[in-house]
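Accompanying notes for the structure given below.
If you want it as structure tokens, here you go:
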């Protein structure tokens with residue numbers, strides 16, 4: 015449920031349309047907006063306090079092409095992490111950019 019709520023909170027889906035967005039396949043590894051490419055909490059567990067670190071590592075690995083069997087078909091230049099915790103009023107969000115890719119394109 016939390017994942018669906020976050021789709022709407024960050025603007026990936028219109029209010030009330032998160033389930034439809036998910037069912038469309040947009041969040042799959044080869045979809046328009048891949049989400050939880052490493053399996054998310056279901057695939058890796060939820061080490062309280064460390065889930066946000068794991069999210070950042072997952073985006074880094076996708077950006078650098080280090081995910082082997084579950085690598086996105088096109089390496090991303092940007093990624094976002096959204097982690098909700100505590101009483102569900104504590105939210106940390108990070109927007110990450112792959113400077114390595116963007117710097118190479120300018121050289």
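Residue numbers (the numbering used here): 15 to 121.
Virtual Cβ for every residue (Gly too), placed ideally from N, Cα, C.
Note that this is a predicted model, so its numbers are computed, not measured.
Neighbourhood of residue i by C-beta distance below 6 Å, restricted to the same chain and skipping five residues each side
{"i": "residue 81", "result": "75"}
{"i": "residue 112", "result": "77 and 91"}
In DSSP terms, what residue i is bridged to
{"i": "residue 99", "result": "104"}
{"i": "residue 110", "result": "93"}
Spatial neighbours of residue i in its chain, beta-carbon cut-off 7 Å, leaving aside the 5 residues before and after
{"i": "residue 58", "result": "52 and 68"}
{"i": "residue 87", "result": "44"}
{"i": "residue 41", "result": "47, 48 and 49"}
{"i": "residue 18", "result": "32, 33 and 36"}
{"i": "residue 121", "result": "At residue 121, the pLDDT of 44 sits below 50, so the modelled position is not reliable and the matter cannot be decided from this model."}
{"i": "residue 66", "result": "95, 97 and 106"}
Residue environment, residue i, which counts as buried when at least 16 other CB atoms sit within 10 Å
{"i": "residue 29", "result": "exposed"}
{"i": "residue 34", "result": "exposed"}
{"i": "residue 107", "result": "exposed"}
{"i": "residue 64", "result": "exposed"}
{"i": "residue 93", "result": "buried"}
{"i": "residue 15", "result": "exposed"}
{"i": "residue 105", "result": "exposed"}
Distance between beta carbons of residue j and residue i, contact taken as under 8 Å
{"i": "residue 70", "j": "residue 20", "result": "The pair is not a contact, with the Cβ atoms about 16 Å apart (cut-off 8 Å)."}
{"i": "residue 79", "j": "residue 89", "result": "5 Å"}
Neighbourhood of residue i by C-beta, 8 Å cutoff - its chain only, sequence neighbours within 5 removed
{"i": "residue 110", "result": "70, 73, 74, 77, 92, 93, 94 and 95"}
{"i": "residue 85", "result": "76 and 79"}
Inset, instruction - Tell me the start and end of each unbroken alpha helix (DSSP H) in the region 15 to 84 that is at least 4 residues and wholly inside, in chain order. - result: 16 to 23, 32 to 37, 54 to 58 and 65 to 77
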